[in-house]
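Residue numbers (my numbering): 54 to 339. Take a look at the structure below.
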Amino acid sequence: MKIRPALISWLQAGPLAAILILFFGIPVLVVVVVSFFDFDHSDIVPTFILDNYQDIFTSEVTWRLYLSSLKFAAIVWAITLVLGFTLANYLVFHIRSLLLKIGLFLLCSVPFWTSTIIRMISWIPFLGRNGLFNTMLIDAHIIDKPLDFLLFSDFAVVVAYVHLFTLFMMVPIFNSMARIDARLIEAAKDAGASRWTILREIVLPLCKSGIALGSIFVVTQVMGDFFVVKVMSGGQSASVVSALQNEIAALQYPPAAASAVVLVIVVMMMVAGILRVVDVRKELAS
């Protein structure tokens, strides 16, 4: 039986489209619909109102929560970018042995063999007031009393985020750097280019797609997390998702749905901004 090419394309895309509609499209649609409902204590009232969105955009607390989340996203993005780019650059251009390169790359992924919660909570005994780091500083006579800002603070939140998400930044950059022709680097060296010039004029432009993908991974995960902020700040800091989680715990589903819709739109705008700066599809195709 001869099948038209156009029908073949639909048959190929049909199963994936059905899965996306069933497990992604319909749940998102339900959340959007519920965000316009009213609620009475723990009951959802199916009526169309805009009060949930009005409360979000007129609440000073909501604006502070978004500023806090964006602050964490920006700081973690900058630190993971520097660390991820440096590690990827070292592995690709300074390690000649393929076996050693693979071994070091796997070593970077060793923490991911354990639970995310365990890796995050492991910082508590290290950064605590009587933890290992403060003890070492006091024994070395560098400080006289323990540092209080190391744990249950914004600093601890950033440290945990960087620990959790640096690999998500490094892997896409590593893949982009691995595709750079080594002869191009050698030709630049023969032409008298310095390491900084090679990095600025060759490596960075050719790694834009990896930086963009890594940025998307890091930013979206920071914006969508609440557990790290809750645990590592000791309740001293908050984020948009932590407020959303509190609304769900209080059975306030319509306001929580409205918060989720606004958060998704904000994250989509951030991703769109990254993709506008770097055309990932064009970069990968070239």
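Beta carbons: idealized from backbone N, C-alpha and C, even for Gly. Remember, predicted model here, so these are calculated numbers, not experimental data.
- Contact between the stretch 220-228 and the stretch 167-182 is not established, with fewer than three Cβ pairs separated by less than 8 Å.
- In this structure, Met173 and Val275 do not form a Cβ contact; the two beta carbons are roughly 13 Å apart against a cut-off of 8 Å.
- Of the other Cβ atoms in all chains shown, 16 or more fall within 10 Å of the Cβ of Gln305; this residue is therefore buried.
- Rounded to the nearest angstrom, the gap between the Cα atoms of Ala70 and Ile61 is 14 Å.
- Given a length threshold of 4 residues, each whole run of the alpha helix (DSSP H) inside the stretch 93-167 is given here in chain order: 104-111, 113-146, 151-162.
- With fewer than 16 other beta carbons inside 10 angstroms of its own, Tyr143 counts as exposed.
- Close CB contacts of Val212 within its chain, under the 8 Å cut and outside five residues either way in sequence, are with Trp176, Leu180, Met285 (chain order).
- About 21 Å separates the beta carbon of Val320 from that of Lys261, a gap too long to meet the 8 Å contact definition.
- Between the stretch 308-315 and the stretch 229-247, the count of C-beta pairs closer than 8 Å stays below three; the two stretches do not touch.
- For Gly263, the enclosing alpha helix (DSSP H) covers residues 261-276.
- Partner residues in the beta bridge of Asp91, as assigned by DSSP, are Val98.
- Here DSSP, grouped into helix, strand and coil, assigns Ala311 to helix.
- Between Thr115 and the set Leu316, Ile327, Val333, the nearest pair of CA atoms involves Leu316.
- A straight-line Cα-Cα distance of about 13 Å links Arg117 and Ser295.
- In the three-state reduction of the DSSP assignment, Phe205 falls in the coil class, being assigned neither a helical nor a strand state.
- The stretch 99-114 and the stretch 225-232 do not touch, with fewer than three beta-carbon pairs separated by less than 8 Å.
- The alpha-carbon of Phe208 is positioned some 7 Å away from that of Phe202.
- When DSSP states are grouped into helix, strand and coil, Pro178 belongs to the helix group.
- When the beta-carbon positions are compared, Val324 and Ile269 come within less than 8 Å of each other.
- Take the alpha-carbon of His194 and the one of Val145: they are about 40 Å apart.
- Rounded to the nearest whole angstrom, the CA to CA distance from Ile318 to Gln298 is 18 Å.
- When the five nearest sequence neighbours on each side are left out, the beta carbons in the same chain lying within less than 8 Å of the beta carbon of Val281 are those of Met173, Val210, Ala213, Tyr214, Leu217, in order along the chain.
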